[in-house]
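2 protein chains.
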Amino acid sequence: MDTDQRLREAAEKLALTLAQGGMQKTTARVMTALLYTRQDAMTAADLCAELSISSGAVSTAVKQLIPIGLIERVPAPGSRRDHYRFRQGAWASLMSQQNAMLATMGAAAQEGLDAAGQDSVTGRRLHEMKDFYAYMTKQLIPLIDSWRQRYAAQHADTPR
Amino acid sequence: MDTDQRLREAAEKLALTLAQGGMQKTTARVMTALLYTRQDAMTAADLCAELSISSGAVSTAVKQLIPIGLIERVPAPGSRRDHYRFRQGAWASLMSQQNAMLATMGAAAQEGLDAAGQDSVTGRRLHEMKDFYAYMTKQLIPLIDSWRQRYAAQHADTPR
DNA sequence: TAGAGCTTTCAGAGATTTGTAAATTCTCTG
DNA sequence: CAGAGAATTTACAAATCTCTGAAAGCTCTA
């Protein structure tokens with residue numbers, strides 16, 4: 001089987017997994033298309049053709065992917081079309097955003113604690129929750145940074 | 001405002017957040033009801049009443065929450081009804097399951113690499129992805145374990 | 001082992017989501 | 001600054017999802 005076809009299938013497969021994990025299906029497909037494409041970047045029209053979806057759907061997907069830092073718009077000299085490409089370091093920023101969710105969970109636990117007090121079944125449940133998320137919140141960012149450093153060191157000689 | 005009411009509102013608020021993060025709405029509501037309740041455990045009927053939903057909906061939600069380790073069925077001596085309660089250490093096991101997702105991401109990257117080869121734009125993109133998820137996969141479990149240990153040490157004298 | 005008390009399953013109604021096509025807006029260029 | 005080419009928004013239609021109510025299925029106990 002040819003390379004393009006294998007990549008296309010890998011892309012759709014991952015998109016399906018991500019969709020089951022809560023990401024919108026079309027958004028996931030656009031993301032994986034940009035991840036597995038052999039081009040550096042793709043235009044909206046490319047994405048329409050590759051995925052057989054309308055330009056409106058592409059627009060919506062892109063609007064969701066850009067704010068979370070997974071893809072970026074790149075200026076394309078000589079073309080009037082927008083080009084999109086998968087961002088370097090996208091995974092690390094995606095994981096960093098998980099941190100916001102961790103913090104939210106911690107805050108939710110605190111809120112419950114304020115209402116219930118420490119000394120109750122509820123209090124003990126929520127205390128564990130709060131402690132866990134506080135710990136994770138504190139550890140995750142340094143962990144990601146340590147990966148960034150390590151990866152940058154390994155690839156000091158190979159910029160994009 | 002009374003305690004129950006504050007807890008109820010905190011529960012619904014968190015449920016909403018979780019729902020936006022991809023969890024099924026009713027599943028999230030059942031989970032947070034069990035998290036913020038002042039009882040140790042609740043019956044299906046309790047949940048129906050508290051959340052104004054049918055027993056079928058409770059059954060479905062419970063069926064999703066148990067496998068992921070967030071809640072558990074507890075035998076209730078003297079009652080024929082099933083009782084459900086939020087599991088101790090639920091958050092840690094939830095996070096551990098994230099690890100499966102991380103591993104999946106790493107595998108997806110590898111699959112693409114096999115098709116595209118290292119020396120291509122695609123290869124470089126996928127290599128970063130693979131490296132990131134491999135690193136995270138390796139670090140996350142120890143991190144969770146270190147929390148477990150720390151928390152257990154702090155609460156050696158206060159079992160449930 | 002018959003039956004009470006719960007839980008689970010199932011079919012269908014209702015609500016929500018999501019994609020398309022077309023209209024609109026935006027942005028370059030000649 | 002007019003117009004062409006592209007992106008975005010909107011209204012609507014289609015598909016999907018999810019809950020309810022009712023029936024079926026378990027599992028204890030008397």
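As given, the protein sequences belong to chains A and B, one line each in that order.
Terminal number for the first sequence in the UniProt record's numbering: 160, no gaps in between.
Terminal number for the second sequence in the UniProt record's numbering: 160, no gaps in between.
Each residue gets a CB set at the ideal place from its N, CA and C atoms; glycine is no exception.
{"Item": "Distance CB(residue 166/B)-CB(Val58/B) smaller than 8 Å", "Value": "Shown here, chain B extends from 1 to 160; a query on residue 166/B therefore has no answer."}
{"Item": "Three-state secondary structure (DSSP) of Thr37/B", "Value": "coil"}
{"Item": "Residues near Ser93/B in its chain [Cβ-Cβ closer than 6 Å; skip 5 each side]", "Value": "Gly69"}
{"Item": "Members of the stretch 37–61 of chain B that neighbour chain A once the beta carbon cut-off is set at 8 Å", "Value": "Thr37, Arg38, Gln39 and Asp40"}
{"Item": "Residues of the stretch 71–86 of chain B with Cβ closer than 7 Å to any Cβ of chain A, in chain order", "Value": "Phe86"}
{"Item": "Any alpha helix (DSSP H) of 4 or more consecutive residues that is wholly inside the UniProt domain \"HTH marR-type\" (27–81) of chain B", "Value": "44–51 and 55–65"}
{"Item": "The alpha helix (DSSP H) enclosing Arg6/B, as first and last residue numbers", "Value": "Thr3 to Gln20"}
{"Item": "Closest by C-alpha distance to Asp4/A, when choosing among Leu34/A, Thr17/A, Ala90/A and Met23/A", "Value": "Leu34/A"}
{"Item": "Beta-carbon gap between Ile53/B and Thr26/B smaller than 8 Å", "Value": "yes"}
{"Item": "Arg85/A to Pro75/A span [Cα, whole Å]", "Value": "10 Å"}
{"Item": "At least three beta-carbon pairs within less than 8 Å, the stretch 124–138 of chain A to the stretch 98–112 of chain A", "Value": "yes"}
{"Item": "Exposure of Met1/B, with buried meaning 16 or more beta-carbon neighbours within 10 Å", "Value": "exposed"}
{"Item": "Contact under 8 Å by Cβ, Val30/B with Leu51/B", "Value": "yes"}
{"Item": "Arg80/B, buried or exposed, once every other Cβ within 10 Å from all chains shown has been counted against 16", "Value": "exposed"}
{"Item": "Extent of the continuous beta strand (DSSP E) to which His83/A belongs", "Value": "His83 to Phe86"}
{"Item": "Chain-ordered residues of the stretch 129–143 of chain A with a beta carbon less than 9 Å from chain B", "Value": "Met129, Asp131, Phe132, Tyr133, Tyr135, Met136, Gln139, Leu140 and Leu143"}
{"Item": "Met23/B: first and last residue of the uninterrupted alpha helix (DSSP H) it sits in", "Value": "Here Met23/B belongs to no alpha helix (DSSP H), and DSSP marks it neither H nor E."}
{"Item": "Three-way DSSP call (helix, strand, coil) for Ala156/A in this model", "Value": "coil"}
{"Item": "Span of the alpha helix (DSSP H), counted from its first residue to its last, around Asp114/B", "Value": "Ala90 to Ala116"}
{"Item": "Environment of Arg38/A [buried if 16+ CB atoms lie within 10 Å]", "Value": "exposed"}
{"Item": "Expected contact under 8 Å - CB spacing of Thr137/B and Ala103/B to nearest Å", "Value": "5 Å"}
{"Item": "CB contact below 8 Å: Val30/B versus chain A", "Value": "no"}
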